[in-house]
Amino acid sequence: MTSQNYERTTQFVPATLTLVPLSVLVIVAFDSDDLATTIRSIVTASLAAGLHLVIMRIVRDRGNKVQPQLWESWGGNPAESKLRWGHGSDDDTRLLHSRVRAATGVKLPTRSQQDARPDQASAAYSEAVANLRERTRDHDAYPRVWSELLQYGSARNLYAVRPIAFIIAGGASVTGIGLAILSALNEWDKPSWLFAATAGFSLLWALGWAAAVTPRYVRTAADRYADALLSASRSLGSR
Numbered sequence: 008m009t010s011q012n013y014e015r016t017t018q019f020v021p022a023t024l025t026l027v028p029l030s031v032l033v034i035v036a037f038d039s040d041d042l043a044t045t046i047r048s049i050v051t052a053s054l055a056a057g058l059h060l061v062i063m064r065i066v067r068d069r070g071n072k073v074q075p076q077l078w079e080s081w082g083g084n085p086a087e088s089k090l091r092w093g094h095g096s097d098d099d100t101r102l103l104h105s106r107v108r109a110a111t112g113v114k115l116p117t118r119s120q121q122d123a124r125p126d127q128a129s130a131a132y133s134e135a136v137a138n139l140r141e142r143t144r145d146h147d148a149y150p151r152v153w154s155e156l157l158q159y160g161s162a163r164n165l166y167a168v169r170p171i172a173f174i175i176a177g178g179a180s181v182t183g184i185g186l187a188i189l190s191a192l193n194e195w196d197k198p199s200w201l202f203a204a205t206a207g208f209s210l211l212w213a214l215g216w217a218a219a220v221t222p223r224y225v226r227t228a229a230d231r232y233a234d235a236l237l238s239a240s241r242s243l244g245s246r
């Protein structure tokens with residue numbers, strides 16, 4: 008897989024999901040005999056205008072902005088946190104340090120060194136994790152790391168654009184209610200219940216997003232990626 012696959016999965020998909028309520032409203036309001044043709048026309052026009060690049064840039068920037076905030080609320084980068092003494096048992100941490108040191112060549116601190124010089128310890132953990140990231144960029148050799156990275160990137164970006172999703176869903180819902188009223192007054196040639204249903208769908212979409220896309224959801228994906236990255240040290244150390 009290439010960087011285009013990463014961008015499509017972690018940026019374009021979240022952006023598309025935020026636009027679902029608006030897309031449904033447009034399709035209902037401007038009906039077509041061939042729904043597939045309508046959708047294809049919208050997508051083609053958007054791609055031709057470069058709109059997808061703008062949207063993906065917004066998603067990426069918001070994801071990069073929210074990541075430090077999430078890490079701070081979690082107590083740090085999950086992969087680095089798992090290297091710290093006190094995260095697990097001393098025996099497990101000692102074994103993990105041994106594997107990571109063999110894989111990266113980075114000397115990791117002892118418990119006493121971590122307690123005495125926490126800033127230096129943090130720098131060592133950060134260097135080790137960065138080294139692991141660079142050494143596992145071969146997606147074919149480390150498919151689990153790549154898969155979990157995609158999952159984490161998608162989860163983080165979904166959370167980052169959650170406010171935008173709420174705004175779009177809210178706007179689509181209000182517009183749907185307005186169109187339902189116009190239809191009831193015979194000002195729009197569509198059944199009023201259809202727009203009311205669209206408004207209800209938009210509200211349910213927003214509620215579902217609020218319930219599913221939470222910091223805990225992102226943290227779960229981040230922990231899985233951290234575990235995959237650190238586990239890769241086993242095979243790296245033998246190469």
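Heads up, my numbering is the position in the sequence shown plus 7, with the first residue counted as 1. We put the CB at the ideal spot given by N, CA and C, even for glycine.
Secondary structure of GLU194 (DSSP, three-state): coil. The three-state secondary structure of TYR149, taken from DSSP, is coil.
Just so you know, the alpha carbons of ILE171 and PHE37 end up roughly 24 Å apart. Spanning the alpha carbons of ASN71 and ASN12 requires a straight line of approximately 18 Å. Ranked by Cα distance from LEU237, the options GLY93, LEU186, SER209 and SER88 are led by SER88. Boundaries of the alpha helix (DSSP H) around THR227: 222 to 238. Going by C-alpha positions, ILE175 is about 14 Å away from GLY207. Annotated three-state conformation of LEU32 is helix, per DSSP.
Of the other Cβ atoms in all chains shown, 16 or more fall within 10 Å of the Cβ of GLY160; this residue is therefore buried. DSSP places THR143 in the coil class of the three-state scheme, outside both helix and strand. The residue from THR17, SER242 and ALA131 with its alpha-carbon nearest to that of ARG142 is SER242. Straight-line measurement puts the Cα of ALA228 at about 11 Å from the Cα of VAL220. Under the three-state reduction of DSSP, HIS94 is assigned to coil, being neither helix nor strand. Under the three-state reduction of DSSP output, PHE173 falls in the helix class.
In this structure, ILE184 lies away from ALA213, with their beta-carbon atoms at least 9 Å apart.
Per DSSP, THR17 is not a residue of any alpha helix (DSSP H), being assigned neither H nor E.
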